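Engineer: Chains as they are written, first to last, in our numbering: chain S, 1137 to 1249; chain B, 3 to 114.
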Amino acid sequence: DTEVTQTPKHLVMGMTNKKSLKCEQHMGHRAMYWYKQKAKKPPELMFVYSYEKLSINESVPSRFSPECPNSSLLNLHLHALQPEDSALYLCASSLRGTPDEQYFGPGTRLTVT
Amino acid sequence: ILNVEQSPQSLHVQEGDSTNFTCSFPSSNFYALHWYRWETAKSPEALFVMTLNGDEKKKGRISATLNTKEGYSYLYIKGSQPEDSATYLCAFTGGGADGLTFGKGTHLIIQP
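1. Relative to the alpha-carbon of residue 1160(S), which residue among 1186(S), 1190(S), 1210(S) has its alpha-carbon at the smallest distance?
2. Using a threshold of 8 Å, state whether the C-beta atoms of residue 13(B) and residue 110(B) are closer than that.
3. Against chain B, with Cβ distances strictly below 8 Å, would residue 1200(S) count as a contact?
4. Quick one: what does DSSP say residue 1205(S) is sitting in, helix, strand or coil?
5. Would you check if there are 3 or more beta carbon pairs closer than 8 Å linking the region 87 to 96 of chain B to the region 39 to 54 of chain B?
6. Are the beta-carbon atoms of residue 1225(S) and residue 1181(S) separated by less than 8 Å?
7. Excluding the 5 residues flanking residue 1219(S) on each side, which residues of the same chain have their C-beta closer than 8 Å to its C-beta?
8. In the DSSP output, which residue or residues are listed as bridge partners for residue 88(B)?
9. To the nearest angstrom, how far is it from the Cα of residue 1198(S) to the Cα of residue 1217(S)?
10. Please say whether residue 49(B) and residue 64(B) have beta carbons closer to each other than 8 Å?
11. Is the beta carbon of residue 6(B) closer than 8 Å to that of residue 105(B)?
12. Have a look at 1188(S), 1236(S), 1142(S), 1213(S) and flag the residue whose alpha-carbon is nearest the alpha-carbon of residue 45(B).
13. Kindly give me the distance between the Cβ atoms of residue 1235(S) and residue 34(B), rounded to whole angstroms, as I take these residues to be in contact under 8 Å.
14. In this structure, how does DSSP classify residue 47(B) when only helix, strand and coil are distinguished?
15. Taking the runs of the beta strand (DSSP E) that are 3 residues or longer, which of them lie wholly in the region 1142 to 1223 of chain S?
16. Decide if residue 1190(S) is buried, meaning its Cβ has at least 16 other Cβ atoms within 10 Å, or exposed.
17. Given that a residue counts as buried once 16 or more other Cβ atoms are within 10 Å of its Cβ, and exposed if not, what is residue 1175(S)?
18. Please compile the residues from chain B whose C-beta is within a distance smaller than 7 Å of the C-beta of residue 1167(S).
19. So, is the C-beta of residue 9(B) closer than 8 Å to a C-beta in chain S?
20. Skipping 5 residues on each side, what residues in its chain have a beta carbon closer than 6 Å to that of residue 1215(S)?
21. Can you look up residue 8(B) in the DSSP assignment and give me helix, strand or coil?
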């Protein structure tokens, strides 16, 4: 199984809502990543988990809260988002981290109204 | 802020022709350079990871070269087919840091 799955595929939420994005892989990878991609721009790194510990937080606002409950699962909890947070959120995993290739999920398209 | 540049931004190529495009990245503190293919409505798919100056990698009709001293990589596609239509992204990692810094991509359209 070389797949990274993400749910939901699409999410529309209001600015006062709380929601979560989920990412799962069963490849035994120990590094997992969240990227944000806005239209016509490249993906931007948000968070990196290495062996279930948060190793990189790229100055992301606290309204985004990552969680790695186990080595297969990565969540991104969302609270009090702004319309400018509307984007495609991509999850990826790699065997041990850099420089191993990253396997990406299809993303969650988030719209904040 | 790391600067990863790709050119051209978009490219129309006739089926059967060969093509290439460029990724430039910081030449200092280099660790790895990745190439990904991203088709619409699909996940980005890893093509190559290159770590050594002078690396050349090949997968079918697609190949890539790496020059870390001058900070560039080329991706070549030989005998383009319609299924090669996609956005090709390069991504840089420096200094052993985890996570990738992506270029904006080259959007390739193969015309039958």
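For every residue, glycine included, the Cβ atom is placed at its ideal position computed from N, Cα and C. The model shown is predicted, which means the values in this text are computed figures rather than measured ones.
Structural biologist: To lay it out plainly:
1. 1210(S)
2. yes
3. no
4. strand
5. yes
6. no
7. 1151, 1248, 1249
8. 110(B)
9. 10 Å
10. yes
11. yes
12. 1142(S)
13. 3 Å
14. strand
15. 1146 to 1149, 1154 to 1161, 1167 to 1173, 1180 to 1186, 1189 to 1193, 1200 to 1206, 1209 to 1215
16. exposed
17. exposed
18. 100
19. no
20. 1154, 1199
21. strand
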